[in-house]
Amino acid sequence: MSNEPTVQQDDVDRLRAGTHWDPHSVLGPHIILLNDRPHLALRAWQPGVKDVALLSNSVLWRMTRIYEEGLYETLLPDTTSIPTYRLRITHLDGAVTEISDPYAVSP
Numbered sequence: 002m003s004n005e006p007t008v009q010q011d012d013v014d015r016l017r018a019g020t021h022w023d024p025h026s027v028l029g030p031h032i033i034l035l036n037d038r039p040h041l042a043l044r045a046w047q048p049g050v051k052d053v054a055l056l057s058n059s060v061l062w063r064m065t066r067i068y069e070e071g072l073y074e075t076l077l078p079d080t081t082s083i084p085t086y087r088l089r090i091t092h093l094d095g096a097v098t099e100i101s102d103p104y105a106v107s108p
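Adding 1 to a residue's 1-based position in the sequence shown gives its number in the working numbering.
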């Protein structure tokens, strides 16, 4: 697996500031190449939470916090189709909620 970040720090800074001109270009589902293999990268901006997971077809994938500011990602190797999914958020107080990802569908 590549150690290169899939999202650049300047994108994270703009997301945090609320000034990113196209958050859909960073957040939600994206097909990317890592080590010449297709991966589905699913990203969510959830600052101030304990944990984020992706729920699809009764399968739960824990998302990795790739930036402390609150950017989470999961990478699904050899995947080029975008599943229907929800985000399962664990809040700092331990409460768990499920939400639709507002970036799951491009505008």
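Quick reminder that beta carbons are idealized off the backbone N, C-alpha and C, glycines included.
- With respect to Tyr-86, His-25 sits apart: the two C-beta atoms are not nearer than 8 Å.
- Contact between Thr-65 and His-40 does not hold, since the beta-carbon distance rounds to 13 Å and is not under 8 Å.
- Excluding the 5 residues flanking it on each side, Arg-38 has same chain C-beta neighbours closer than 8 Å at Pro-78 and Asp-79, in chain order.
- A contact between stretches requires three or more CB pairs, one per stretch, nearer than 8 Å, and the stretch 13–23 fails this requirement with the stretch 55–65.
- Judged by their CB atoms, Val-53 and Ile-83 are not nearer to each other than the 8 Å cut-off.
- With a threshold of 16 other beta carbon atoms within 10 Å, Thr-75 meets it and is buried.
- The shortest CA-to-CA distance from Gly-29 to any of Asn-36, Arg-17 and Ala-42 is the one to Ala-42.
- Positions of the alpha helix (DSSP H) runs, each at least 4 residues long and wholly inside the stretch 21–66, cannot be given because no such run exists.
- A distance below 7 Å between beta-carbons, with the five flanking residues on each side excluded, links Gln-47 to the following residues of its chain, in chain order: Val-53, Gly-71, Tyr-73 and Ile-90.
- With contacts defined as CB atoms closer than 8 Å, Leu-55 and Leu-93 fail to qualify as a contacting pair.
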